[in-house]
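> Numbering (our numbering), first residue to last: -11 to 197.
Structure in structure tokens, see below.
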């Protein structure tokens, strides 16, 4: 069954136009002057904790529902629509759409993974800030926008809140004597490897259609 559904209103942040299908499938277009354009490969590699090439983190796929939404509801040409899913065996259900080339796909995949990761990518904030403070601020704005379009709220760093504990914990925040703040990053686990049976099944699905 397709993961696509009616898209919410689009938002634009730091040269990125973003929509979300079904609360979990980001659709991204990105301008060349966006701060993410030159850094999205590194961001995706860091999020997935991989030393391989960023374009190995995802694979292109087909989804008729997503394609129909992009062409009919967004007015996009099929030639501009790149549908992808994350490559890791345990993440292959996570889909994303880029509408202006591979880097837009990478950023959409990053946004999609943020919605599914245990800490909402809060654990990689120090890494991004150590690379570039302006990029870290843009990254926070992007994640805020992603969660806003999904109808959920993400607490900004350093802000205390009395309510919303369940949402804050879901976003990887913890409450201390100083209020809500980023929780201690969880230790990253190694990517799951595909078994021989899983690989055979994937090949059967690919060539059998």
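No residue lacks a Cβ here, since even glycine has one placed at the ideal position from N, Cα and C.
Smallest Cα separation from residue 116: which of 130, 40, 103, 1?
The shortest Cα separation from residue 116 among 130, 40, 103, 1 belongs to 130.
> Between which two residues does the alpha helix (DSSP H) containing residue 53 stretch?
Here the alpha helix (DSSP H) through residue 53 covers 52 to 56.
> Cβ atoms of residue 84 and residue 198: under 8 Å apart, would you say?
Absent from the model: residue 198. The displayed extent of the chain is -11 to 197, so no value can be given.
> Under DSSP, the alpha helix (DSSP H) around residue 47 begins and ends at which residues?
Taken as a continuous stretch (DSSP letters only), residue 47 belongs to no alpha helix (DSSP H), being part of the beta strand (DSSP E) at 46 to 48.
> Classify residue 50 as buried or exposed, calling it buried when 16 or more other Cβ atoms lie within 10 Å of its own Cβ.
That one is exposed.
> Measure the C-alpha to C-alpha separation of residue 13 and residue 88 and round it to an integer number of angstroms.
Approximately 16 Å, taken between the alpha carbons.
> Following the continuous alpha helix (DSSP H) through residue 33, name the residue where it begins and the one where it ends.
Start and end: 28 to 35.
> If we cut at 8 Å on Cβ distances, does residue 90 have a partner in chain B?
Looking for chain B here will not work: only one protein chain is present.
> Who are residue 83's beta bridge partners in DSSP?
For residue 83, which the question treats as bridged, DSSP gives the partners 73.
> Output yes or no for whether 8 Å exceeds the beta carbon distance between residue 9 and residue 54.
Taking 8 Å as the Cβ cut-off, residue 9 and residue 54 qualify as a contacting pair.
> Measuring CA to CA, which of 15, 111, 79 is closest to residue 90?
Out of 15, 111, 79, 15 has the C-alpha closest to the C-alpha of residue 90.
> What are the complete alpha helix (DSSP H) segments, minimum 4 residues, inside the stretch 82 to 137?
Qualifying alpha helix (DSSP H) stretches, in chain order: 90 to 104, 113 to 119, 121 to 137.
> Which same chain residues, not among the five before or five after residue 124, have their C-beta less than 6 Å away from its C-beta?
If we look at residue 124 and ignore the five residues flanking it on each side, its Cβ neighbours are 116, 117.
> Taking the straight line between their C-alpha atoms, what separation do you get for residue 160 and residue 107?
For residue 160, the predicted model reports a pLDDT of 45, less than 50, meaning its position is unreliable; a value from the coordinates is still stated below. Roughly 4 Å between the two C-alpha positions.
> CA-CA distance, residue 40 and residue 75?
Using only the alpha carbons, I get a separation of about 12 Å.
> Classify residue 21: buried if its beta carbon has 16 or more other beta carbons within 10 angstroms, exposed otherwise.
It is exposed - the Cβ of residue 21 has fewer than 16 other Cβ atoms within 10 Å.
> Would you mind stating whether residue 46 and residue 19 have Cβ atoms separated by less than 8 Å?
Their beta carbons are not under 8 Å apart, which means residue 46 does not touch residue 19 by this criterion.
> Can you grab the Cα-Cα spacing for the pair residue 145 / residue 110, in whole Å?
Because the pLDDT at residue 145 is just 46, under 50, the model does not fix this residue reliably, and the value given afterwards should be weighed accordingly. Each residue's alpha carbon lies about 10 Å from the other.
> Below 8 Å on the Cβ atoms is my contact criterion, and I expect residue 28 with residue 98 to pass it. Report the Cβ-Cβ distance as a whole number of Å.
Right, their Cβ atoms sit about 7 Å apart.
> Quick check on residue 121: buried or exposed, where buried means 16 or more other Cβ atoms within 10 Å of its Cβ?
Burial call: exposed.
> Under a Cβ-count criterion, where at least 16 other Cβ atoms within 10 Å of its own Cβ denotes burial, should residue 56 be classed as buried or exposed?
When all chains shown are included, residue 56 counts as exposed.
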